[in-house]
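Protein chains in written order, with my numbering: chain A, 76 to 244; chain B, 1172 to 1210. Positions of the beta carbon are idealized from the N, C-alpha and C atoms, including for glycine. A quick note: this is a predicted structure, and the numbers were derived from the prediction, not measured.
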Amino acid sequence: MELVSFEWWSMIVRWLHIFSGIMWIGHLYYFNFTQTPMMPKIPAEQRPAVTGFIAPTALFWFRWGAAATIVFGLILAWMSGFLGQAVALGIGSHDKRFAAIGIGMWLGFIMFLNVWVIIWPNQKKILGLVTATPEERTRSARIAGLASRVNVMLSIPMLYGMVANHFYA
Amino acid sequence: MWDWLLKGTGKYGWPAYTILAGLVLTVIEILLIHAIAGS
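Here you go:
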């Protein structure tokens, strides 16, 4: 494998895809398994440290990690020569690899939309980055929490699609 | 309606239901892969 070969660049893009994927899903699991369950147990006077400093920074790396994962994933699929077949879920290809990676890709894309279209706009209201009434904040907390929890659930079959693709080869 | 996913129930916490639901979806995914591209 030459240093500047197409295969080398493909490997680099796969590396970046996995790096940004860990950045994204790592923060997703942090929010769901650690921060959210602990918030009610944190003394009220200490909560601003989380909502004012930790959460906005974590959300920054979370949402941009999601964007980078999708971008590098699409480039990787294109470089691997199966972007079209994967988007079509491998229908008509009689190849389980395309069905597996295609389902994983679509689940990842739904999760990405959850982040940018549902979670982030609602989090901005919760954290006070945009003005919202207390009722709106309560409603936003439930919507963002549910969308985030759905993403934890979807991450399980999404990761199966990503790794099983190699098993079906 | 969605409290089992957000908060869990009195018996088990949300992680049990969320992970179980994810595993059920994975089984459906495996069946779909075979249905779509089975030999």
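The Cβ of Phe108 of chain A sits closer than 9 angstroms to at least one Cβ of chain B.
Secondary structure at Tyr1183 of chain B: coil, using DSSP grouped into helix, strand and coil.
The Cβ neighbour count for Met180 of chain A, taken over all protein chains shown within 10 Å, is at least 16; the residue is labelled buried. The Cβ atoms of Ile193 of chain A and Ile218 of chain A sit closer than 9 angstroms to each other.
At a Cβ-Cβ threshold of 9 angstroms, Ala1208 of chain B and Ala119 of chain A do not count as neighbours.
In this chain, the alpha helix (DSSP H) harbouring Pro131 of chain A covers Ala130 to Met154. DSSP, reduced to helix, strand and coil, places Ala216 of chain A within a helical segment of the structure shown.
C-alpha of Gly236 of chain A to C-alpha of Met98 of chain A: approximately 19 angstroms in a straight line.
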